[in-house]
Structures are given as C-alpha cells and as structure tokens.
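Chains as they are written, first to last, in our numbering: chain A, 4 to 359; chain B, 4 to 359; chain C, 4 to 359; chain D, 4 to 359.
A short worksheet on the structure shown next.
Number of protein chains: 4
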Amino acid sequence: MIIMKTNATSEQVAKIVEEVRRYGLRADVSKGRYRTIIGLVGDEHKIPFDNLSVLPGVKEAAMVEVPYKLISKEYSRFAEEGTEHTIVKVKDIEIGGDKPVFIAGPCAVESHQQLLRIAQDASEAGAHILRGGVFKPRSSVHSFQGLGALGEKEARDALAWLREAGERFNLATVTEVRGESQVELAAEYADILQIGSRNMYNQDLLAKAARTGKPILFKRHFGASIEEFLSFAEYIAAEGNKDIILCERGVLPTGKGKNYIRYTLDLAAVPVLQKETYLPVIVDPSHAAGRRDLIFNMSCAAIAVGASGLMIEMHYNPTEAIVDAKQAVTPDELKQIIYTCKEIDKLIKSASYGKD
Amino acid sequence: MIIMKTNATSEQVAKIVEEVRRYGLRADVSKGRYRTIIGLVGDEHKIPFDNLSVLPGVKEAAMVEVPYKLISKEYSRFAEEGTEHTIVKVKDIEIGGDKPVFIAGPCAVESHQQLLRIAQDASEAGAHILRGGVFKPRSSVHSFQGLGALGEKEARDALAWLREAGERFNLATVTEVRGESQVELAAEYADILQIGSRNMYNQDLLAKAARTGKPILFKRHFGASIEEFLSFAEYIAAEGNKDIILCERGVLPTGKGKNYIRYTLDLAAVPVLQKETYLPVIVDPSHAAGRRDLIFNMSCAAIAVGASGLMIEMHYNPTEAIVDAKQAVTPDELKQIIYTCKEIDKLIKSASYGKD
Amino acid sequence: MIIMKTNATSEQVAKIVEEVRRYGLRADVSKGRYRTIIGLVGDEHKIPFDNLSVLPGVKEAAMVEVPYKLISKEYSRFAEEGTEHTIVKVKDIEIGGDKPVFIAGPCAVESHQQLLRIAQDASEAGAHILRGGVFKPRSSVHSFQGLGALGEKEARDALAWLREAGERFNLATVTEVRGESQVELAAEYADILQIGSRNMYNQDLLAKAARTGKPILFKRHFGASIEEFLSFAEYIAAEGNKDIILCERGVLPTGKGKNYIRYTLDLAAVPVLQKETYLPVIVDPSHAAGRRDLIFNMSCAAIAVGASGLMIEMHYNPTEAIVDAKQAVTPDELKQIIYTCKEIDKLIKSASYGKD
Amino acid sequence: MIIMKTNATSEQVAKIVEEVRRYGLRADVSKGRYRTIIGLVGDEHKIPFDNLSVLPGVKEAAMVEVPYKLISKEYSRFAEEGTEHTIVKVKDIEIGGDKPVFIAGPCAVESHQQLLRIAQDASEAGAHILRGGVFKPRSSVHSFQGLGALGEKEARDALAWLREAGERFNLATVTEVRGESQVELAAEYADILQIGSRNMYNQDLLAKAARTGKPILFKRHFGASIEEFLSFAEYIAAEGNKDIILCERGVLPTGKGKNYIRYTLDLAAVPVLQKETYLPVIVDPSHAAGRRDLIFNMSCAAIAVGASGLMIEMHYNPTEAIVDAKQAVTPDELKQIIYTCKEIDKLIKSASYGKD
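Okay, here's the thing in structure tokens:
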C-alpha cells in the first residue's frame, strides 16, 4: 500500500501507478478527502517498497500482509480520515447508512403478474429493494432453473418485469447472476447484481460482475470462513468496484442427526465483518432457516447484532411459489418484521455501548 | 406414552407403572393439572400397547418415535392443557418466565475476595444468578483446572465462597460438575449444576447430576446437532428431573482460514429448541465469541431471537482473570448489556407476530 | 426413465424424445448393447408416465427419484446388461479399466523448460497423464493466477507447451478451466478438462465444459456431500457427456486446533461413489495433504480403497515451484509411489472378497 | 522438560521431582536406556528453568510449548535414543510392533453363548484381541445400554464371559468404560480399557482409567482435531500411564445431503499422529462406515496408510445383533480382511520409501 502526501499531484500518483505496473501488479487508486492511497493488486513481494517510498509525493510505502487489503478498514482509514464504514448508494437508498434497508421479493420471478403484485406488497410493507431470481442456481439439473434458462427472450422478459416492478413501486432491484454469460444482460436491467453463495469462489464471475460497475450483493459460501469470504470480496474490489454489500446467509450445520434448519446463520459474522472491513453487511434469514416460522425471530436477531439490512423472501401465497415455497413469508408478516426490526435498530443505535 | 383418563385413580396409575416395569422399561409419571401421563424410558417396541390401552384408567397408549419424548412439547401438552413452556424456578427466580434471566460471574473461582467482589458487581449490574467454576474442563492437562483440582478441602472452600457470595448479594448460584465424583459435593453448595459442552455426551454424569434433583444447566456440545442435544437432555429427564435449562454456546466454525471467533453461535437453535421442547433456553455468548468486543452485539441478538436468559463471563479486571481473560466483560459493560437486553425483550414480547 | 424394448425402432425412440420435449424436458438417449434407455432432464413430475408406457416400443416408463439419474448405476445397468462401471478412454489410456492410471505434473505451468522436464520425469516414473494449470483458482487475488491470467497469448503458449510435452512423452494431458471464457481455448489443446473443487457448484461452467465433448475430470468441493457431488456431476451428463472422471480431493477438517493437513481426504467416498454411480473415481492426495511427507501413505491408501487412479503434484525441484511448493513430490518419489500402488492394486484385485 | 545427565543418580532425580512439586506441578519420570527425562504436568510458566538447570545431574531444563509433551516424539527421543514408536504389550501381543494387530468381536456382549461363539470365530479368523461392550454409550436413553446397565451382577457376568472367552481362545480382551463408576469393575476383568469417542473430552474418566495401569484404547471424538485428540491423550499420560493406543474412528461428514456413511474416516490422521507422537495408532472402520459392505475396502486402506491394527465388529449372524447390526462383518469376511491386510502390510513395509 502506498500512501501519498496530502499535496501530491496527479502526475506523482500516475508515476507511482506506472511503477507498480512495471513490476507486474495492478494499482487501485483511492482518492480520499484528505489523501490518495494506492492499493496493490498482486504479489507485493515483487515491489521494492524502499525505492518507492522516496519517490516524489509518497508519504509512506509498505506491504500489507492480509489477503484482503483493498476492503480492509485500515485501507479506508488512511484514505478518508475517520471513515469507519462506507455507504453503498442505489437510487436514493443508502445501504450501510443510518437506517436498515429491507430487500424483499420472490425466490424466482415466475410471471409478470406475480412480480408486480409482490412488488406492490413489498413496497407497502416498507421494503426498499425488490429481489427476484431469473437465473436460479439449483442443486439438481432436474429442478426449475428460472425463466432465464428458457432462452434469452424469456430472460429479457423476466428482467424487464423486474425493472418495471421496481420503477412502478419505487423500489431498487437486485437479481442474481449465476454464470458469466448472464452478467451483461442482468446489468442492463437490475440496479444491483447478486453473487449467490455457491458462486462465492467463482473468481471469474466476480471479476466480470465487478466490471459492470453495478453494486454487488455478495453472499458468503456455506463452507467459507470469514477470511475466505473477504479474500474473495477482494476480487471484486480489485476490479475497482468497492460498491460491495456483504451478505451472511448461513453456514453448514454441525453434528449427526437433525438440526431442523437448512443452514446455521452465523450472526457473529456481522460484527466481525464490520470490524475487519468498511463494507456494509446484511443478512438473509430466509435461506438459512429454510422455514417460514423462524424468519421473524432471526430477522430481529440480525438487526440486533448490527446488520445494515435484511434480504427476505416474500410471496403473497407462499405455498404456490415454484421455488423454496416453505421459506417465504406473507406480505403481512413482512410488514411486521420490518416494523419490529426498525424499533430494534433504533434501540440498538441509542445504546451507549457496543459501538466499537 | 400412556395418557390416563382425567379421573384415573392413583391405583390405576400404579398398576400401569408396574406393567411397564414388567417389560423392562422405566416409567416417568407426570401428573398434570388435568391428567397424568406415563412416559416410558427404554425401548417401547417391547410394550404391547394394545393390551395396555384397555386397562382401567387408560385413555390412550401409543408409541412415540422421537428419541426425546419426555421433554417434547407433545408430552407437555398432554399433561398440562395449554402448556407451551415450563418455568424452572430457583429461589425466587423464574427461568423461562416473563423476563430474561442474567447469569454472570467469573470463568473460574479464584479467591474469596475475587468472588465476593464480582458477586457484588453482578448484583449491582442486575444479574440474577452467580456463576463460578470450581472444576474447570480444560483442553490441556497443563492448564489451571480450577481450585477443585487441588483437593476436597480447596473444592469445599471455593464452593462455600460461591454459596456465601450468592447469599450475601441475593443471587442464586451455578457451578459446573465435570466428573461424577464432583456431583454430590457441588450439589451441597450450588443451586444449579452445570453440565459443560464437552460433557454433553457423558450420559453417566448426566444421570448422576439429574438424581440430585437440582436444576441442570445443560450446554450443547460444539459438534452436536439439535436432535442429539435433546436426545441427551432426555437422559436427565429419564431420571425424573425435568428442571433442565438448555444452553446454546456455539458450534464448530466452518471453512479454511480465520473466523475471528472461537465458536459459531447458533442463534436459530433458540426458537428451534423452543418449538421442539417445553424447556427454557438460554445463550452463552462469552464462550462462543471468545472476545469481549462482541459480547454486547451477541447478547442483544440472543435476546432478540427469543432466549430466556444469558450467561456472561464478567470480571472486575478481565485482563487478570486466570482463565479466559479475553472474553470477560467489565461490571459496567454487563450493566449496559442487561439494560439494553431488557429493552429488546420488552419490544420483542410486545410484537404481535412471531409468537409461534 | 423410459426403457425401450429390445427391438424398438429408431423412429419409436425419436417419437418418445419428441413427446418428452413437448412437456418441457430434455431427453438423454443411451443406446446400450441390448436396449435403448431414455433419461429425462428436468422435472419428471410433468411427464404422464402412464401415457408414455403404452406407446409403441416402450417396455417400461417410470419416475426416478434421486437427483442423479443419468449417472446412476441403475441407469447404466438397464442400458447395458451387466455393466457395473464404465471406462473413460483418452488416447490409449483407460480410466476405470483394469489398471490404475497416474496423473502427474506441476501445480502450475511455469515455463516451457519446466514443463518439458517434468513431463519427461513423469513419463519415466510411469505416469499416464500430464497435469499442468494455466488458469489457477487462488484464494487471494494477490497470488499468482497462472500464466493464463497474463493474456490470451500467454494462455495459448502455456497450453501449447502442455500439448507439446504430452505428445513428446506420450502422455495425455489435463488442465483446469476456471471460468467459462477459458473452456473453448483449453479444449483446443488439452485432452481432458478439469473442473476444480471451488467450481463444483458452478453449473454454467459445468455445462459449457461438458458441451466440448472432452472428458471432464470433476473434483468434489471441500464442503460438499456425496449426494451434492453426484447431483452436480449430473449437470455434465445432462449435456450428453458421460465421460466424467470423479475426483476426491479432501473435505473440510473438523475440530478446534490443528489437524496438520489442509483437507481431510475422504477415502470412503471412493467405494461409496462406485456403488452409487458407474463413473470412474480417482483421488488427489496432494491437495488434501498439502504436505509432501504424507503423499506416499495416502496414495497407497487410495489405491487400497479401490481408486481407479491418482492425481499427484510433482516437480523436479519442489521447493522452487511457484504454487503449492510444499506438496509436490520429486520424480523419484513419484516412481516409488507408482510402483507400490501398482503392487497394492494387483493384491486388492486378486482378493476374493470386497468386490461388491 | 528436564533432561538428566546419563550418569545422574536417583537421588538427583528425586531432588528435581521434589523441586517440581514445590512449584505446584507434578513430575513424570521417564527412565530411558540412556538417560532419565522428567516431564512436567501443569503450567510450566511457574518453573524457574534457569535455577533448575544448574542443579546436580541436570543436563538441560527447558519449557515445551505444545499442549501434548509427554506423548510427543521429542520427549520419547530424548529418553530413549533412536526411539520412534513405542509398543504397547498385552499378553504376548505387541501393538505397534512389526505386524498389524486385529481386534474383533461384537458391538455389545449379549449372552454367554454369543460371546464364546464369536470369540472362537475371531480366533479362527486370525484376530488377536476380543472386543465386547458391556456398558454401551447410546444416543438415546431409550436404546439398549448394554448388559452392564441392568446392575452390577449382570455387568460382572458379562465381563466374566469376556475374560473366559479370551482365555479359552487365547485372545486378549478390551471393553469400553463409559462412566467413572465402571472403571474399577472393568479393570478387574479386561486386559485393555477402551475410552469411546463420545468420552474423549471426559478428563475425569481418562484420569481414572489411566490410574488402573491398564493399557487404554483411546478413540478420537468425531468433532475433534488431531491437536485436541493428543491434548486429551496427554491426560492419560499425565497419570503415568503411557500404554495408550490411539484409535481413529471417523469425524463428522461434510455438506448438505447424504454421504451414505456415518462418519468420515480420516485416514491421514494415522501418519499425522505417527509423526506427532510415539504411540501406536489403530483404525476402527466399522463405526465410521456404519455399513458392512465398506469394511473390506476401508480396512485395506487403513493398513495401507500405515495403521498398526484394526478394530472390527464381527458377528456370526450380523442381522440378529442387538446393536449396530448393519455394520458387523461375518467370521468369513473377517478372515479375508485379515488375510489381505497382512499382505498389504508386508508390501508397504517392504517399500523403500514413505518410512518417514
């Protein structure tokens, strides 16, 4: 990491970037209010930091050992005096800001009518962002893979409905990209691109999605540690895209026999991530629980632990949903979840302790 | 399970118990307000339910297939019309009642002075129960094993300090029993016996502790599923002791690399357990986190998810604690945790939804 | 699954395929020596099996409930009377045949000279297939990502060296494809395409690689069950490509503290997979162990448990390897591993028991 | 650890032991052929090593940082020049010697007739040690807990049958102790005491069993790392009992969905343990697999990876076994397993490589 002097010129910055490239690395230039930081993408051992530190405009040049540097809190602190957390802005919504953000919608986009109705319900319940899957990752090739699997026309139709529903009910939109060939298409229509749990390790998909410049909602793999999760988020940041929303959605349950849930929601991951990185962290209780009767409790807990938002599956008639029918809540339930979560959020934020 | 008629006589009940024993099983007689239920301990396949169901006083006789019957919600519902959850009473404290219960204290009892001071701090912070380990389970034989390891005299001294501290500051007391030989000794002094995570599978210890009649604070093993946890809690109930407080304290973390915590606190376990059993469920955030700066957040989350109480390590000077110094909070922090948790609890309980 | 009569005509088969498509599913036609089987790709609940079973040429039509049908042993048995295991042929090498197959080579292709020298060493040691990574999946964006990351020219060069080395030393070649954009390029040069552990869930990559028609070496994810592993192998088969070589390479280790290895090699997976599917199963001990001094023991165990081959990292000078230096064996060590493994294989195959 | 000079007198050793006790630690005196080593049980930070190192007879005094010292290879090497592995001797059987040792028998002792017949079968098949459970750890209180659960008389009868069967067919015997109260009883009858997987963390049971002086067959918990396993084996050694036989029996499987086995047998644990400690390591494939059709393959793999022996459940009529009927092999199968394993063992031992 190279920290430039407060009065460093853009020529001096450009010179450093050039030097960095000469050693086979890429440079991530982060212009803060107070100074510019140049993060290095690649193996820093190749860089002669001593030589660089004496170049004009350079305040300090030193190696950062953690596998995630560009998204680490240290990096942010240097660039922007006092910055602890960044805000990802989508339309007029601030993820990571003062108030929790609620993402709701169906697991899969099923039809124009279904989506519009759910969008209206979500909006009325107080949600800010509409979710809807067009390309569904599934454990079995024999299961419904989303309307996107039927062809480009069907994919465009479904994505257009999502955009339409968002516009009509003043909701931002998010949809999952599962393969590289879907990235550009989805980016034409949706406000946020989601990388699902199973694709957390898919570095080529991460890089491609990052390059669209769209905010990325990035889910932790169910078998990944926090360190791995952040190391792969770094693949997004390394493309110059820092609009990353981290999402905890549950890890593999432990033990022999039944746990009565699908995944173990690791809520401690929220404050842990908030201490390691400046990125906003949200929680998806729906996929973790896999059952509707736990969503209220787990939503409350996620906000109480400090999450910046929730992603909840909702359907006006959960039992008729094609995918994951068992875990969707009703519009009325969503409304009550949002109401109670906002109250908890206010309570937590007014506490004098635990603010780190 | 054999459900007696409302007007069944105690002779009729005794006759059934005798029959059950004839087949090599034990009988757990549960007298509810409305009727008596006879639970069977052992292999129910040996029982001719058809024959039993026609005996005088019997309303219904049927096999229960789950490995935990005596602590299942069904069992409770039959015995006590409308009973969803039971309350474990210790002195004037109700665990599983209207308000959350807070257990606090040092990881290990270190000295008379240390314990009295911490008890006073805990009491002033609003805690109800004082914890303090005399027999410490440790991963290394070379680590401090608690004052109890020094001999019976030292064990009795430490236990007496615990009792004294509890009495002086109006706190109930809980201490861990690690081996069978410590059970009777600890039961002489403490109000509640704790079975630690590593001993969850120790069925001989469970049975021996259960037979003291003392309430048992029973911690889930870090590698155990919910089904296993309840199946072993059944070992306590099978001795006729239903004063069981279940405690979630974290499961094995997932993935390669760092998770920055010791165990993954499985907060969904709280509502899941509350749906499977009538027993109260509490959470220990201290051992899961293993770091002090997460205790506030995780305590709030635990209460928000519906826990009936918390068990928190506290020390007036955490850095000088002999065991687990990194995870203890200060008295002042405890006070703020208790304050905020009580507020969250009220908020959650006033919500119209999520009440199961 | 639809089983045709022995004397069914190709028109009758075509008619069934057409019917299947009418219901929105795809048909996998498998012509065995004795009869033709039509596997269904998609949700079988949409198919009226009763109607289909009375069409001309149909012997039997029934739903198969497992998520992996096309690669299940049952499917194979129907198509090919007596077939227990299939053989994947590459050049004159039979994977899944009478003798174990050995794949060896460097973790990453580093230079022309390096690869040729290792190929010669591998060949002389008795290996059949040369491995070499051009596109390296890495946990950190800051680590060396393979020569393929430098640009298409560098990727083509490295792949051409692999092909040249294979041809010169009479070895088949295998290389990993990490992203969709690399599939066609790699298929131009390599005999076998590898899907790495981290991409096991990447269904779009699986489908794209499958469609090249090349044999696919498919590695189990370190957090995946056997059922998931096979369900994702089914994505390859669903594209009509049954030349799949399954590879066990270790799962997440358990417990707190050190395990002194990187992943837990699940050797029971070998016979389990051999009982569930007809596909050949090999083992990669190098990535599981992550340390050279265990490779001999684990290779012997893998062959003893019944594996059809091994994939071993080898380097003439392990300590100078850019990637995974600690786990590569020397050419001499490889030779001794291959020698002892062949002896164990003969011994196991001559045993009268354990043949399933 | 304190290494005495070759010519140190026993008075000098006694003086050191006294010093060690003065600081609150226990001393483990290990008299090797060449010199005496004094291991320290307890917190070594309390010991002034500089002061000790100048006492008469002391060659070297230094702290050992690993949680397992007394069973570490380093400790052994100092005591006994050239010692890599120790042998546990039971009757004329050498566990950890030149040839693999086979332990076989029923999961649970069911009757006099059953045990004698199985002992004869085991003996004829080539087994060296007879296993038979009298006190059975079970996940459900409602399952058969072994004859020992019926009372002391029944326990003594079952243990006497075990001893009788061993004597009559020239087999050593091993039985599990599940609770502290069973230790002395079992030690009266059996040659080896087994600590089961679920009791690995039960330090009071370990200490009590160790103090009988009997060899301890110590099984790894299914949720324990190698480091934890050895740290708890140290509890046995700390009582002065180094006759410990380590046993790998499978860890928790990974992933969602089916693995078609009960536990994942971690065979790499065998060479890893052999590098960390001098104790012999055996494998129990029966409990890991939980199914009979995998026992042959996994037994072969266990011997191929270097295990010093196997523990296999056998029954003349597996389907009528009361406990774990699905995993027992027949006498004829056992015979073939032993035959093939011995051949593999010879082959492995004759290899010039992989000897560590």
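Every residue gets a Cβ at the ideal spot worked out from N, C-alpha and C, and that includes glycine.
Alpha carbon to alpha carbon, how far is residue i from residue j?
i: Ile-306/C; j: Asn-300/D; result: 10 Å
i: Thr-257/A; j: Phe-225/B; result: 8 Å
i: Ala-236/D; j: Leu-220/D; result: 10 Å
i: Ile-285/B; j: Thr-267/B; result: 16 Å
i: Ser-353/C; j: Lys-102/C; result: 12 Å
i: Gly-42/B; j: Leu-58/B; result: 16 Å
i: Ala-161/D; j: Ser-114/D; result: 7 Å
i: Gly-45/D; j: Thr-176/D; result: 33 Å
i: Ala-193/A; j: Thr-178/A; result: 6 Å
i: Leu-282/D; j: Gly-99/D; result: 8 Å
i: Gly-253/A; j: Ala-158/A; result: 28 Å
i: Asp-359/B; j: Lys-261/B; result: Any reading at Asp-359/B needs caution, since the residue's pLDDT is 49, under 50, leaving its predicted position unreliable; the model's value is listed next. About 36 Å.
i: Glu-22/A; j: Ala-107/C; result: 39 Å
i: Gly-169/B; j: Glu-230/B; result: 34 Å
i: Val-104/C; j: Gly-309/C; result: 12 Å
i: Glu-14/D; j: Arg-24/D; result: 15 Å
i: Leu-350/C; j: Asp-348/D; result: 11 Å
i: Asn-244/C; j: Tyr-238/D; result: 55 Å
i: Asn-173/D; j: Glu-47/D; result: 45 Å
i: Pro-334/C; j: Glu-346/C; result: 19 Å
i: Ser-56/B; j: Ala-240/B; result: 24 Å
i: Ala-163/D; j: Gly-151/D; result: 12 Å
i: Thr-39/B; j: Leu-208/B; result: 29 Å
By the criterion of Cβ-Cβ separation under 7 Å, what are the contact partners of residue i in chain E?
i: Asp-269/A; result: The displayed structure is made up of protein chains A, B, C and D, and chain E is not among them.
For residue i, is the classification buried or exposed, using 16 other Cβ atoms within 10 angstroms of its Cβ as the cut-off for buried?
i: Ala-65/A; result: exposed
i: Pro-70/B; result: buried
i: Val-326/A; result: buried
i: Ser-142/B; result: buried
i: Arg-295/D; result: buried
i: Lys-156/A; result: exposed
i: Lys-217/B; result: buried
i: Gln-197/D; result: buried
i: Thr-343/C; result: buried
i: Thr-89/A; result: buried
Closer than 6 Å: is that where the CB of residue i sits relative to any heavy atom of the ligand GDP?
i: Gln-197/B; result: As presented, the structure is devoid of all ligands, the ligand GDP included, so that no description of it is given.
Of the residues that make up the segment 291 to 309 of chain B, which ones have a beta carbon closer than 8 Å to any beta carbon in chain A? Answer set for the segment 291 to 309 of chain B: Ala-291, Ala-292, Asp-296, Leu-297, Phe-299, Asn-300, Met-301, Cys-303, Ala-304, Ala-305, Ile-306, Ala-307, Val-308 and Gly-309.
Chain C contacts made by the segment 226 to 260 of chain B, where a contact means CB separation under 8 Å: Close to chain C, meaning a Cβ-Cβ distance shorter than 8 Å, are the following residues of the segment 226 to 260 of chain B: Gly-226, Leu-255, Thr-257, Gly-258, Lys-259 and Gly-260.
So within the segment 160 to 196 of chain A, which uninterrupted alpha helix (DSSP H) runs reach at least 4 residues, ignoring any that extend past its ends? List check, alpha helix (DSSP H) in window: 186 to 192.
Can you check the segment 66 to 153 of chain C for any alpha helix (DSSP H) of at least 4 residues that lies completely inside it and give the ranges in chain order? Counting only runs of 4+ residues, the alpha helix (DSSP H) found wholly inside the segment 66 to 153 of chain C occupies 76 to 82 and 115 to 128, in chain order.
For the pair the segment 133 to 142 of chain A and the segment 22 to 34 of chain B, tell me if three or more CB-CB distances fall below 8 Å. Touching, no.
Using a Cβ cut-off of 9 Å, which residues of the segment 139 to 152 of chain B contact any Cβ in chain D, in chain order? Pro-140, Arg-141, Ser-142, Ser-143, Val-144, His-145, Ser-146, Phe-147 and Gln-148
Between the segment 272 to 282 of chain A and the segment 212 to 219 of chain A, can you find at least three pairs of beta-carbon atoms closer than 8 Å? Contact fails: fewer than three Cβ-Cβ distances are below 8 Å.
In the segment 161 to 188 of chain A, which residues sit with their C-beta less than 9 Å from some C-beta in chain C, listed in chain order? Arg-181, Gly-182, Glu-183, Ser-184 and Gln-185
Taking only beta carbons into account, state which residues of the segment 36 to 63 of chain D come closer than 8 Å to chain B, listed in chain order. Leu-43, Val-44, Gly-45, Asp-46 and Glu-47
Between the segment 194 to 207 of chain D and chain B, which residues of the former have a C-beta closer than 7 Å to a C-beta of the latter? Arg-201, Asn-202, Tyr-204, Asn-205, Gln-206 and Asp-207
Chain D contacts from the segment 336 to 350 of chain C (Cβ-Cβ distance under 7 Å): Glu-336, Gln-339, Thr-343, Glu-346, Ile-347 and Leu-350
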